[in-house]
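See structure below.
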Amino acid sequence: ACNMIFGASNVTGATADYNVAAGTGPIYMDDVNCRSSTFDSLAQCTFRTTHNCGHWEDVGIRCSVRGGVTGWEARLVGGSNAREGRLEVRPGNSATWGTVCDDSFSNVDAEAACRELGFWGPGATAVAYNGYAHSWGRGTGPIYMDDM
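Position 23 of the sequence shown, counting from 1, maps to 23 under UniProt numbering, and the rest follow consecutively.
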């Protein structure tokens, strides 16, 4: 996701973070699985567009930065800086921003997201909500991706 948001050439690392506030919008992705840490986009990963999760499973990431996915856009919101926050995605530039569910979302997935966002290198952390509030706040859009 970091690759998708910041561009693969800028991501030096990413970590999945499972301690984020729940979103409230549509869930667009479930069972996301990025089989390679070299993926530049969540679109290269396998995922289902239907889901079996709730916003308590929304995923967050932390991207390490060195300095767009076709059809999908991504961003980080609510973080204290541009390299962290709740991961939000949308299928096209006019769609509603939504969230990514944390089911099976790993640090490898976080690294792909960070590269997408332009952050390169190791060290991305996936942060799951797991029912606890996080300073990044709840999402308000659909959950587009789940079970990564």
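Heads up, the beta-carbon is just placed ideally off N, CA and C, and yes, glycines get one too.
Return the bridge partner residues of residue i from the DSSP annotation.
i	result
E73	R90
W98	Per the sequence shown, residue 98 should be read as Gly rather than Trp. G98 is bridged to V89.
G78	G85
A112	A112 is not bridged to any residue.
Could you give the distance in angstroms between the alpha-carbon of residue i and the alpha-carbon of residue j?
i	j	result
G85	D40	19 Å
G79	C114	14 Å
G98	S37	23 Å
E73	R90	5 Å
G141	V32	18 Å
F105	R83	18 Å
F119	T46	21 Å
A110	I61	6 Å
A95	T49	15 Å
N81	A43	25 Å
G25	L117	21 Å
D103	C53	8 Å
I'd like the list of long-range same chain contacts for residue i, defined as Cβ closer than 7 Å, with 5 residues on each side in sequence excluded.
i	result
H51	I27, D30, C101, I143, D146
V108	C34, S37
Suppose the cutoff is 6 Å on Cβ atoms and the five residues either side in sequence are ignored; what does the same chain contact list for residue i look like?
i	result
V77	G85, R86, E88
G23	H55, D58, T99, R138, G139
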